[in-house]
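Encoded as C-alpha cells, the structure appears first; notes follow it.
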Amino acid sequence: MAESTDRPHQDGPTRKTLFRAALVAAPAAALLSAAGSAPALARDRAADGTALDPTPQCDDGDDPTPPQMEGPYFTPHSPRRRDLVVPGDHGVLLSVSGYVFTRDCRPVAGALLDFWQADAGGVYDNTGYDYRGHQYTAADGAFRLTTVVPGLYPGRTRHLHVKVQAPARPVLTTQLYFPGEPRNGTDWIFDPRLLMNVHNHWGRKAAEFDFVLDHTV
Ligand SMILES: [Fe+2]
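The sequence shown lines up with residues 204 to 420 when you count with the numbering used here.
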C-alpha cells in the first residue's frame, strides 16, 4: 500500500493538536495546577478570568484508541525504563512520544505504558526483557520512549505493542504502526487509526502518537 493511502486521517486541528498548542503557550505552573482538575488545560478561562464556553475541541470526533490483540509475546513484569536500546545492537534509533488523554480531553498523569517489540532483526526476547519496558506519564500526560525500529517477522507488518492504563482503570492493549510499510496492506489486523506520525531525523526516526482512553475523569 502506498504511503499516501495509509496516513492518519486529519481534517484539521484535533483536541490533541490544540492541547499541544496550549502546552506551548501555557506557563508550567498553570499546567501543573490544571492537570487533573480542568477539562482543558489553560484554556477554560479568558485572559480577564471570565469563563469561556465549553471547548469545542473536546467534542471534535476523536475516538478512543482502538484495542488490538496482545499476541503471543507479552511478558509481564517488564523493567521500568524509557530507553529500550540494547547497547551494541544494530537498528535505526526510534523515539516515540505523545500524550495519554481521557475521552473528555484530560491528560492522564501517572498512566502506565508497557511497551514490547521485536528487535531490529524481527526477533522477540522471550526469555529476558530486551525491548520491553514500562513507564508512567508525567503530570501533563506526556510519555517518551527510546528504542529501535522493530524488524519484520513472518505474517506481520512493522509494529510496536503497548498496554496503556490510567490509574485504577482498565488496560488498553493495542499496537502501533508505521506509515508507508508495504505490509500494511496485507496484515489482517493492521488498523490505520493506529498509525504513528513518523519523521526521519538525521538518520533516526521520531514518531508521535497520542492515546485516548475510553473513559472520562
Ligand atoms: Fe508482534
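In this text, a Cβ means the ideal position worked out from N, Cα and C, and glycines have one as well.
Span of the beta strand (DSSP E), counted from its first residue to its last, around T349: Against the sequence shown, residue 349 aligns to sequence position 146. T349 -> beta strand (DSSP E) spans 345-351.
Take R396 and list the residues in its own chain whose beta-carbon comes closer than 6 Å to its own, dropping the five residues that flank it on each side. On the sequence shown, residue 396 is found 193 positions in, with the first residue counted as 1. Answer for R396: P269, listed in chain order.
Can you tell me where the beta strand (DSSP E) holding S298 begins and where it ends? The sequence position of residue 298 within the sequence shown is 95, counting from 1. Segment 296-304, the beta strand (DSSP E) holding S298.
Assuming the contact rule is C-beta atoms closer than 8 Å, V303 and V311 should be a hit. Round their C-beta distance to whole Å, please. Taking the first residue of the sequence shown as 1, we reach residue 303 at position 100. Taking the first residue of the sequence shown as 1, we reach residue 311 at position 108. Confirmed, about 4 Å.
From G406, Q368, G344, pick the residue whose C-alpha is nearest to that of S300; which is it? Here residue 300 is taken as the residue at index 97 of the sequence shown, counted from 1. Comparing Cα positions, the closest option is G344.
Through-space distance from P290 to I392, alpha-carbon basis: Against the sequence shown, residue 392 aligns to sequence position 189. Against the sequence shown, residue 290 aligns to sequence position 87. For I392 and P290, the distance between alpha carbons rounds to 32 Å.
Is the CB-CB distance between D317 and S281 below 7 Å? As a position in the sequence shown, residue 317 is number 114, starting the count at 1. As a position in the sequence shown, residue 281 is number 78, starting the count at 1. Yes. Within cutoff.
Could you check which residue in P267, N329, K366 has the C-alpha nearest to that of E273? Here residue 273 is taken as the residue at index 70 of the sequence shown, counted from 1. Comparing Cα-Cα distances from E273 to each of P267, N329, K366, the minimum goes to K366.
Exposed or buried, which one is P353 when buried takes at least 16 other CB atoms within 10 Å? In the sequence shown, residue 353 corresponds to position 150, counting from 1. Label assigned to P353: buried.
Length of the line joining the Cα atoms of F346 and P370: Residue mapping note: residue 346 aligns to position 143 of the sequence shown, counting from 1. Residue mapping note: residue 370 aligns to position 167 of the sequence shown, counting from 1. Between F346 and P370, the C-alpha separation is close to 15 Å.
Indicate the three-state DSSP secondary structure (helix, strand or coil) for R335 in the structure shown. Taking the first residue of the sequence shown as position 1, residue 335 is located at position 132. It is a strand residue.
Helix, strand or coil for L375, going by three-state DSSP, please let me know. In the sequence shown, the residue the question calls residue 375 occupies position 172. L375: strand per DSSP, three-state reduction.
Say whether chain B places a C-beta atom closer than 7 Å to the C-beta of T330. No chain B appears in the structure shown, which is made up of a single protein chain.
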